[in-house]
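Numbered as in the working numbering, the sequence shown ends at 195 without a single skipped number.
We put the CB at the ideal spot given by N, CA and C, even for glycine.
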Amino acid sequence: MDTDTGPFARSFAATEALTVDDLRARGCSKWTTFPDCIGTFVAESDFGTAPAVLDAVRSRVDNLDLGYTTVARNLDLAESTTRFLTDRYGWEVDPAQVGVLPEVLSSLEVTLEHFSRPAPVIVPTPTYMPFFHLLRDHGREIIEMPMLPGTVDERSTWTLDHGRIGTPSATARPC
21 MDTDTGPFAR SFAATEALTV DDLRARGCSK WTTFPDCIGT FVAESDFGTA
71 PAVLDAVRSR VDNLDLGYTT VARNLDLAES TTRFLTDRYG WEVDPAQVGV
121 LPEVLSSLEV TLEHFSRPAP VIVPTPTYMP FFHLLRDHGR EIIEMPMLPG
171 TVDERSTWTL DHGRIGTPSA TARPC
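Structural data, given as C-alpha cells:
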C-alpha cells in the first residue's frame with residue numbers, strides 16, 4: 021500500500037505527526053489510565069480513519085440515523101463483503117452465508133464454537149490480550165508464537181516466524 025500518495029495518505033500523515041501529548045489530550049482510556057506509560061494495545065487505535073468510513077459516519081449523524089441497523093443495510097453489507105472477497109481473493113461466497121457481528125471478540129467466539137474443535141491454537145504475539153482469555157474460556161491450549169521484528173522500506177514491521185510454525189512445539193492452528 022502506498023502510504024505517501026494512496027487513498028489513505030492524509031490519514032497516515034496525520035498519524036505519523038501525532039505525539040504522545042496529542043494522544044493523551046484525546047482523553048481516551050489507552051492514553052490516560054496510566055499516564056506514565058505508553059499505550060501499546062490495539063483498542064482505541066491511533067491510526068487515522070479511512071475517508072469513506074468518516075463520510076458514512078457523518079452521513080448517519082447528519083440524518084440522526086443512530087439507531088439499530090436495518091435488514092436491508094445488513095443485506096447490502098453482505099453483498100458488498102462477498103463482492104470484495106470475490107474481487108480481492110477470487111473467493112465466491114453466498115451473501116446469505118455472511119452475518120454481521122458487533123466486534124472482533126464475538127467474531128472469534130463464533131468462529132471457535134462453529135468452525136473448530138478443541139485443540140492447541142497458535143497465537144502470534146504481541147496480540148490483543150482478551151484473545152487469551154477467550155481462547156482459554158473455550159478450552160483451547162495456547163501456543164504463543166512471538167512475531168519477528170523487521171523493516172520494509174525503512175518502516176517497522178512484524179512477521180510470523182514461519183520456520184517455527186512447522187516445528188513440533190508449534191503443531192496447531194494459527195489463530
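Integer Cβ distance of T145 from E164, believed to fall under 8 Å:
Right, the Cβ-Cβ distance comes to about 5 Å (below 8 Å), so this counts as a contact.
Report buried or exposed for V141, applying the criterion of at least 16 other Cβ atoms within 10 angstroms of its Cβ.
So V141 ends up on the buried side.
Scan the stretch 33-81 and note each continuous alpha helix (DSSP H) run of 4 residues or more that stays entirely inside, going in chain order.
40-45, 49-52
Would DSSP call T191 helix, strand or coil?
Residue placement at T191 is poorly supported in this model, since its pLDDT is 47, which falls under 50; the coordinates still yield a value, given next. Three-state DSSP puts T191 in coil, outside helix and strand.
Out of T147, P55, V40, which has the shortest C-alpha to C-alpha gap to W178?
T147
Could you give the distance in angstroms between the alpha-carbon of L121 and the alpha-carbon of E129?
10 Å
List the DSSP bridge partners of P169.
W178
Could you spell out the range, first to last residue, of the alpha helix (DSSP H) harbouring A116?
A116 -> no alpha helix (DSSP H), and no H or E assigned at all.
Would the beta-carbon of L180 fall within 8 Å of that of M167?
In this structure, M167 lies closer than 8 Å to L180 by Cβ.
Do T101 and V118 have their CB atoms nearer than 8 Å?
Contact check for T101 against V118 passes: the beta carbons are separated by less than 8 Å.
If you measure from the CB of A98, is any heavy atom of the ligand PLP nearer than 7 Å?
This structure lacks the ligand PLP, and indeed carries no ligand of any kind.
I think T106 touches E112, with their Cβ atoms under 8 Å apart; what is that distance to the nearest whole Å?
5 Å
Tell me whether S127 sits in a helix, a strand or coil according to DSSP, three-state version.
helix
For a test of the three-state rule: what should DSSP assign to Y109, helix, strand or coil?
helix
Which class does G183 belong to by DSSP, given the choice of helix, strand or coil?
Shown here, G183 sits in a helix according to DSSP, grouped into three states.
On the three-state DSSP scale, how would you describe P146?
coil
Leaving out the 5 sequence neighbours to the left and right, which residues in its chain are closer than 8 Å to P115 when beta-carbon positions are compared?
L95, A98, E99, T101, T102
Distance between I185 and F151 (C-alpha atoms, nearest Å):
Those two C-alpha atoms are separated by around 19 Å.
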